[in-house]
Structures are given as structure tokens and as C-alpha cells.
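All the letters of the sequence shown, read from the start, carry residue numbers 1254 to 1841 under our numbering. Quick reminder that beta carbons are idealized off the backbone N, C-alpha and C, glycines included.
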Amino acid sequence: MRNILRIIKISKPLHRLVYILGILILSSSILNLIAPIFSKFIVDEIVASVQEKGGNLQRLITLIVIAFGANLLGLVVTSISDRLGDHFAGRIRKFLTEKFYDKVLRLPQSYFDSEISGKIVNQLARGITTINGFLNTATNFIVPTFLQSIFTVLVLAYYNIPIAAFTFILFPIYLILSYHSTVRWGKEEVKKNKIEDYSRGRIQEVISNMSLVKSFTNELREFTTISKNLGKINQIYARQSSTYHVFNFFRGLSLIVILFAINILVFYNTFIGAITIGEMVLILQLVNQARLPLFAMSFILTQVQMAEAGSKEYFEILSIPPVEDYTKGVQFKKITNPGVRFENVSFRYETSGAVLEDVSFKIANFEKVALVGHSGAGKTTIANLILKFYEPTKGKIILNGKDYKALDHKFVRNNISLVFQENELFSSTIRENVSYGSIASEKEIVNALRLANAYDFVMKLKNGLDSEVGERGVRLSGGQKQRIQIARAILKNAPILILDEATSYLDARSENEVQMALANLMKNKLVIIIAHRFSTIQNVDKIVVLDKGKIVDIGSPQDLAKRPGVYLELLKYQVEGNKKLLEKFEIY
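Below you can see the structure in the form of C-alpha cells.
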């Protein structure tokens, strides 16, 4: 019940609306009892009239009108309650989505590095669906059922205590059977949810990487994986169904036996004159009404278990301590003389060993520095630390004389332009992607595209700047996507620029043109280049050489090329590769 209590707590901002719903539901429950009660008076009046060869017609008409009015008023109250319930459902859906999305935006980058995006989306969808379903059930079934059950038993007790006792016995029997059924069902639901999360996350990954799947002809493998998981889910459904129907049989059996006993008791008391025919009609109606809460009880407990199981991951995410507050107002102040210094910085991911060990270096104002090393040497990790995506495990990072720990993440990132190695684009227009994070006029966007050597191909597209690029820019070539990223960085024009092999997807001609554009962009900026192709870093001020998370050398490209080490080794590999390529072309 822990998550149920969380659901009640999290919906506190909407409690006023819940109170109004409660009053309407209470009124509806009372009105639903008026008609059966007045039917008793109507039947008794008719019986008296038949037996006595006369009767009060005016009284009979009055009773019928009151019963009709109660039914009509009940319909009005129920309609208002249902409409308010729909409004409540919409409000709670919006509230829950915002609550989850707000938390996701505050989570550290490390969380997203270890989770599948499709899994997170599935947890959000299921959490909202089950919580919303529970709250709707609470307002439309749990409260009305509880009130109606109490009123029914009280009215029955007024007329005949033994019959009321028999009716009351039905509720704990049904409740116990339903509880054991839904607890078993709920345990299976938790297992099913885990498999569904993985499956949907995998499906989203496969769709996003369809070209990879097809290039390795792994369609059958991916289909088989998901098919097996769907089979496991189907087996869980089968077990849940068996549990439900077995317990449902015993619920139905207990209902038939006890209702049969109640009917015998009612008919016998009517036969001996202990109750009137009108009272018999009333009691039978109330007993029949009591069946609805009983049938609803199983549904209610199922909804409770669904909410308990389905909201588990939702609340687990909400319980993660927030790291970043994006709502906090931070006055953007552009750094005029940027300088970055690492002092004995070490870093390790939670699931791996040390990535950086005792790293110390300095990047002066307007200096252009390249990070070089084998794959996994720690180059991208340094960039992530500078972006404040992570905090150092040990040591300090200094920006303009201030410790990074004292600086707000928004302030730091507002002063950094970034071009990723991967093509980070939204499935929107080129205009929106280039201006993302910046307020810019069309003229400024066009100028950024020109500097990034992207203007010509953009203008050739059917809708120009308003052309949709597709998910992750699937409608553009690799080079085109990279140039859109470069244009975005140019437009932001931050004093610190990080280039994660920003020209890796460009052809020779485009690379040359973009390098000229980047040369203009890098003026009066502190630039950090994560380098794989050494042709892009020949004009940097210095190179920081990394190997297995440690700095093994620092120097200018010219100095490093003259002394043995990791840099010279990597340089020779690339030179030899280019030499063989040139020889091949000379042959043919």
C-alpha cells in the first residue's frame, strides 16, 4: 500500500476538487436509496388500496412523484459528478506528466547514460495510466461503493436485523477472496512490467537504429527476441487469468448461497406477516443493489494492485534526489576572459573503474587546446566534466578563478557552445534546430548556416529553413547533420567552444570550407577540440595527450611530433594510412 499512499499524497494539490466530488458522490448515494424506500411506501399503499377496496390516490401520486423526482435529481447529480470526474482525470493526467517530466529534466546525465529512453517513456506512460485509473476508480467506485454499502446495511437493519447481518457477511467474504486474488495478480504484474519495459525500450532502439539492424541482417534475431518476451508476457497473463477466474468462481458461489438464504428469509418473513409486501420489495431491491458494490470490489482491488505495481518505477524515479534546478533564475553573464584549470582531477563512473586519474592542466584565455589519445583515454569525459554533466570524484575544476562546485550549471553551460560527435538533432525544422537555445532572427540563422557551409543545401530543400529533418535528422546526410550542429554553435556564440570531432562527417571539400568557418568562429574564444583526425588540430596552441585516463604529455603539435610517445605513435598510424591511400590512387 506504500505507493497508494504516495498517490494520495501526490494528488494533494487537487484535494479541493476531490472534496467537491465526494460531496456529489455522497448526495448521489443517498438519492439512489430514496427511490427503493419510496417504492416500499408505494407498494404498501397499493396493497392497502386493494385489500380495503379504496385508498388515498393523492398520497399514491405524491409518493410516485417524489420517487420520480429523486431519480431525476440523482441523474442530474450523477451527470455533474461524472463531468467533474472527467475534468479531474484530465487535471491529474496533466499534473502527473508534468511532475515526472520536471523530475526527468532535473536528473543528472549519469542517469540517462545508464537507462534506455524507451524504458523511461514506458514507465511514464504506465505510471500515469495506472495512477489515473486508480484515482478515477477511487472517485467513481471506491467512495460510492463504500457509502452505498453502509447505507444499504443500515436501512436493511432498520427493517430486519437478521437479513442485514446476512447481507453484511457477503462483504468480508468477497473482500477476503478478492484480496488474495489481486495480491497474487499484483506480483505477476510486477514481473510483466519489467519485461514490457525492456521490450518497448528495445523496440524503440531497433527503430532508431534500423539501418544498423538491416546492415547486419539481424531482423529475425530482433523479432525473435521480442517474440520470446511477448510469449513470457502472455504466460503471465494466463496465470493472472487463471488466478482471477478460480477466485471469481468461489466469489460467485458464496454470493449465490448467501443470496439464496436471504431470499428464503425474506419470503418466510413476508409469509408469516413479519414484514409487509412493500418492505419485501424494498429489501429485495436493497439486496440487489448490494450486489453492485460486491462486483465492484474485485475491480477496485485489481485497480489498487495495478496502481501499486504500475506506479512502482514512476515513484522510484520521483524519489531520485534532484541534482539540477532548471527553474532557478540565473542571470546570464557572458565570460569575457575564459580560463579553465584542472587540479588533480580524478573521475570514475559508478559502474566502472577510474576513467581519469590525477589529471592537471590549464587552458588560458583564447587558447585552443586539443585532447588526443586512444579510444577510452578520457577525452570525452573531460568535456563532460567541463560541461558540468558530472562532478569530479576527486580534485577541482576552476573556471576564471572560481571552483566549479560553486558555479550554477546553467551559468556554466550558457557560456559553452558544443558540437557533438553524434548528430544531436530534434525531429523538427532546420530553423528550430539551428536556433535551439538561442533567440535569433532569420537573418542571423541564415548567416550561421552560411558560416557552417550549410546554407546552399538548406535552400535546395523543398521548404528551406522550415524543412523537417526527421527523427535524429534521418532525412539529412551525415555531413549535413553535422553542419546544422555547427551552425547552432555558431549562432550561440559562447566564449567557450567544445568541438567533439566536429568535422568527422564532412567530405574533403566541405571540411576545408568548414575549417575556414570554424577558424573565424574560434577567434577570441577558448576552444577545446576532442580530436581523432590530426589534420583538424595542426593549428592549435597545444595538445593534451591522454592514455588510460592519465596525461602522458602536453605540448604544441610541432614539439610532440618530434619526440617519442603516444601522440607520435597515433600520428604515424594516420600518416601511414594516408600514404597508402595516396599510393593506391597513384596506381590506378
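Would you list the one or two residues that DSSP bridges to residue i?
{"i": "Phe1595", "result": "Phe1614 and Ile1650"}
{"i": "Ile1601", "result": "This sequence places Arg at residue 1601; Ile is not what is there. DSSP lists Ala1607 as partners of Arg1601."}
{"i": "Leu1624", "result": "Ile1783 and Val1797"}
{"i": "Glu1721", "result": "Thr1682"}
{"i": "Asp1753", "result": "Ile1783"}
{"i": "Val1672", "result": "Leu1752"}
{"i": "Asp1656", "result": "Ile1651"}
Could you tell me the distance, in whole angstroms, from the CA atom of residue i to the CA atom of residue j?
{"i": "Ile1384", "j": "Arg1344", "result": "12 Å"}
{"i": "Val1271", "j": "Ala1527", "result": "43 Å"}
{"i": "Thr1789", "j": "Val1625", "result": "12 Å"}
{"i": "Phe1500", "j": "Met1559", "result": "18 Å"}
{"i": "Leu1571", "j": "Asn1375", "result": "15 Å"}
{"i": "Ser1332", "j": "Phe1399", "result": "20 Å"}
{"i": "Val1357", "j": "Glu1566", "result": "13 Å"}
{"i": "Gly1731", "j": "Lys1696", "result": "25 Å"}
{"i": "Phe1838", "j": "Val1466", "result": "In this predicted model, Phe1838 has a pLDDT of only 43, less than 50, meaning its place in the structure is not dependable; the value taken from the coordinates is given anyway. Using only the alpha carbons, I get a separation of about 33 Å."}
{"i": "Tyr1354", "j": "Asn1686", "result": "21 Å"}
{"i": "Lys1825", "j": "Arg1786", "result": "12 Å"}
{"i": "Glu1836", "j": "Ile1448", "result": "Here Glu1836 scores only 49 on pLDDT, less than 50, and its place in the model is too uncertain to base an answer on."}
{"i": "Leu1842", "j": "Leu1430", "result": "As displayed, the chain neither begins before 1254 nor continues past 1841, which places residue 1842 out of reach and without an answer."}
{"i": "Asp1812", "j": "Asp1709", "result": "40 Å"}
{"i": "Ala1707", "j": "His1627", "result": "31 Å"}
{"i": "Gly1386", "j": "Arg1453", "result": "21 Å"}
{"i": "Leu1834", "j": "Ile1739", "result": "Confidence at Leu1834 is low in this model, with a pLDDT of 40, below 50, so the placement of that residue is unreliable and no value is reported for it."}
{"i": "Gly1563", "j": "Val1443", "result": "7 Å"}
{"i": "Ile1679", "j": "Glu1721", "result": "The amino acid at residue 1679 is misidentified as Ile; the sequence shows Phe. Spanning the two alpha carbons is a distance of roughly 9 Å."}
{"i": "Ala1491", "j": "Ile1479", "result": "18 Å"}
{"i": "Leu1512", "j": "His1498", "result": "20 Å"}
{"i": "Ala1301", "j": "Ile1319", "result": "19 Å"}
{"i": "Tyr1521", "j": "Ile1530", "result": "12 Å"}
{"i": "Gln1791", "j": "Asp1611", "result": "27 Å"}
{"i": "Ile1588", "j": "Asn1668", "result": "7 Å"}
{"i": "Asn1462", "j": "Arg1736", "result": "21 Å"}
{"i": "Gly1439", "j": "Leu1554", "result": "10 Å"}
{"i": "Ile1486", "j": "Arg1437", "result": "16 Å"}
{"i": "Ala1772", "j": "Ala1747", "result": "15 Å"}
{"i": "Ile1650", "j": "Asp1806", "result": "20 Å"}
{"i": "Ala1693", "j": "Leu1349", "result": "33 Å"}
{"i": "Asn1716", "j": "Leu1388", "result": "46 Å"}
{"i": "Lys1481", "j": "Tyr1643", "result": "38 Å"}
{"i": "Ile1287", "j": "Ser1334", "result": "18 Å"}
{"i": "Ala1342", "j": "Thr1382", "result": "10 Å"}
For residue i, is the beta carbon positioned less than 8 Å from some heavy atom of the ligand SAH?
{"i": "Phe1476", "result": "Looking at this structure, you won't find the ligand SAH or any other ligand, since it has none at all."}
Less than 8 Å between the CB atoms is what I'm expecting for residue i and residue j, so what's the real figure, rounded?
{"i": "Val1793", "j": "Pro1810", "result": "7 Å"}
{"i": "Gly1322", "j": "Leu1274", "result": "Not confirmed; about 23 Å, so no contact."}
{"i": "Ile1536", "j": "Asn1413", "result": "7 Å"}
{"i": "Val1727", "j": "Ile1683", "result": "Actually they do not touch by this definition, with Cβ atoms about 14 Å apart."}
{"i": "Thr1633", "j": "Leu1609", "result": "Going by Cβ atoms, the distance from Thr1633 to Leu1609 rounds to 11 Å, so no, they are not a contact pair."}
{"i": "Leu1641", "j": "Arg1666", "result": "In the sequence as displayed, the identity of residue 1641 is Lys instead of Leu. Lys1641 to Arg1666, Cβ: 7 Å. Contact."}
{"i": "Phe1404", "j": "Ala1514", "result": "So it is not a contact: roughly 22 Å between Cβ atoms."}
{"i": "Ser1292", "j": "Gln1401", "result": "In fact, because the Cβ distance is near 17 Å, the residues do not count as touching under 8 Å."}
{"i": "Leu1518", "j": "Pro1415", "result": "6 Å"}
{"i": "Leu1845", "j": "Pro1591", "result": "Here the chain comprises residues numbered 1254 to 1841, so residue 1845 is not present and cannot be evaluated."}
{"i": "Lys1372", "j": "Tyr1451", "result": "7 Å"}
{"i": "Glu1441", "j": "Gln1493", "result": "5 Å"}
Shortest alpha-carbon distance to residue i belongs to which of the options?
{"i": "Ile1295", "options": "Ile1692, Val1534 and Ala1705", "result": "Val1534"}
{"i": "Gly1380", "options": "Ala1814, Gln1556 and Glu1596", "result": "Gln1556"}
{"i": "Ser1605", "options": "Ile1319, Asp1366 and Leu1286", "result": "Asp1366"}
{"i": "Ile1317", "options": "Ile1299, Val1329, Val1330 and Leu1328", "result": "Ile1299"}
{"i": "Lys1801", "options": "Gly1631, Pro1397 and Val1443", "result": "Gly1631"}
{"i": "Ile1749", "options": "Val1593, Lys1485, Ile1739 and Leu1554", "result": "Val1593"}
{"i": "Ser1280", "options": "Ala1320, Arg1312, Val1330 and Leu1823", "result": "Val1330"}
{"i": "Asn1285", "options": "Tyr1689, Pro1397, Thr1589 and Arg1703", "result": "Pro1397"}
{"i": "Gly1654", "options": "Ala1543, Leu1704 and Phe1595", "result": "Phe1595"}
{"i": "Ile1783", "options": "Leu1718, Leu1671 and Ala1747", "result": "Leu1671"}
{"i": "Leu1652", "options": "Phe1614, Arg1736 and Glu1724", "result": "Phe1614"}
{"i": "Val1510", "options": "Asn1668, Ile1422 and Glu1441", "result": "Ile1422"}
{"i": "Asn1777", "options": "Arg1544, Val1303, Asn1618 and Gly1648", "result": "Asn1618"}
{"i": "Leu1377", "options": "Tyr1364, Glu1351 and Gln1362", "result": "Glu1351"}
{"i": "Arg1703", "options": "Glu1754, Gly1690, Ile1743 and Phe1673", "result": "Ile1743"}
{"i": "Glu1569", "options": "Val1699, Leu1360, Leu1310 and Leu1428", "result": "Leu1360"}
Pick out the complete beta strand (DSSP E) segments inside the segment 1778-1822, 3 residues or longer, and give them in chain order. With a minimum length of 3 residues, the continuous beta strand (DSSP E) runs that stay inside the segment 1778-1822 are 1779-1783, 1795-1800 and 1803-1808.
May I have a chain-ordered list of the alpha helix (DSSP H) segments no shorter than 4 residues that lie completely inside the segment 1492-1577? Counting only runs of at least 4 residues, the segment 1492-1577 fully encloses the following alpha helix (DSSP H) elements, listed from N- to C-terminal order: 1530-1563 and 1565-1571.
Every unbroken beta strand (DSSP E) within the segment 1422-1478, with a cutoff of 3 residues, ordered by chain: Whole beta strand (DSSP E) segments, 3+ residues: zero.
Alpha helix (DSSP H) runs contained entirely in the segment 1685-1748, provided each spans 4 or more residues: Runs of the alpha helix (DSSP H) inside the segment 1685-1748: 1695-1704, 1708-1713 and 1731-1745.
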